[in-house]
Structures are given as C-alpha cells and as structure tokens.
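Quick note on numbering: the sequence shown equals residues 136 to 262 in our numbering. By construction, the Cβ of each residue, glycine as well, lies at the ideal position given by its N, Cα and C atoms. What follows is a short report on a single structure.
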Amino acid sequence: MINHFAKLIITFLLGYLFITWFPASERFTNPEFIVEMVLNPVQFFAASIAFMIGILCQVNVLKAEFYSFLQLWNGKLHKELILIPFHLAVIYVLSGYGIGQSVIFSCSAIFYGIISIDFRRQGGHNA
C-alpha cells in the first residue's frame with residue numbers, strides 16, 4: 136500500500152517535470168515543435184524520460200486500482216480502493232499546471248494500462 140502511495144508521489148513529480156519541460160504553446164505547429172526540439176534537445180529528452188517513467192509508475196497504480204475495483208465488484212472490500220481519490224487529486228493538480236500535457240500523460244497511462252492488464256492471471260472472465 137505504501138508502495139502505491141510512493142508511486143503516486145513519483146507520478147506527480149515526473150508529471151510535473153514533463154509538463155514544465157515539454158515545449159508546448161497555445162498555437163501548436165509542427166515547425167515550431169521541431170525547432171524547439173533542435174534548440175533544446177536535452178530538455179526534450181529529459182521530458183521524454185520523465186514521461187515514460189511517469190507513465191510506468193501511473194500504470195502500476197492504475198492496475199492496483201482496477202484489481203481492487205474488481206474485488207469490490209465480486210463483493211469483497213479491498214484496502215487499495217483508497218488510492219482512487221488520491222490518484223484523481225494528482226491528475227487534477229497536474230491539470231492546473233498544464234491541461235493539454237496532463238491529458239496526454241493520463242490518457243497514455245490509461246491506454247497502456249488497458250493493454251497490459253492480464254485477466255487470466257487475475258481470475259477474470261474466461262480464465
């Protein structure tokens with residue numbers, strides 16, 4: 136349980152770093168994005184690393200939340216359900232720093248989490 140809260144804190148920190156380091160403006164155009172990548176390659180590379188590691192931490196928390204929700208669906212109350220409001224609070228605070236980047240960050244984690252869920256190992260439908 137403490138492990139998942141630590142991953143939530145890491146997710147917040149890496150999400151914040153991704154939002155501050157990623158070159159984004161209100162009018163996003165491809166040439167402008169490429170120029171930013173060429174002029175600041177270290178900053179873009181650091182933002183990419185923060186994005187990837189942050190997504191991996193966020194996916195681990197999402198999996199724990201999903202499995203605890205499945206336990207609740209089966210009639211068992213699981214202690215990891217308490218992670219859901221804290222995770223939503225992290226996403227909400229990140230959206231205050233940059234709505235577009237936080238949507239990309241969270242939706243990428245949700246998409247990767249859906250891909251990586253193993254129903255057979257967790258005793259899901261048609262196991």
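Beta-carbon gap between residue i and residue j smaller than 8 Å
i	j	result
Leu143	Phe221	yes
Phe147	Phe186	no
Tyr247	Ile190	yes
Ile252	Phe201	yes
Ala182	Trp156	yes
Val196	Leu218	yes
Val173	Ala244	no
Lys214	Met136	yes
Anticipated Cβ contact below 8 Å, residue i with residue j, distance rounded
i	j	result
Leu223	Ile154	With 8 Å as the limit, Leu223 and Ile154 do not qualify as a contact, their Cβ atoms being about 17 Å apart.
Ser237	Ile249	Not a contact, Cβ separation roughly 19 Å.
What are the complete alpha helix (DSSP H) segments, minimum 4 residues, inside the segment 146 to 225? You should have 165 to 174 and 176 to 208.
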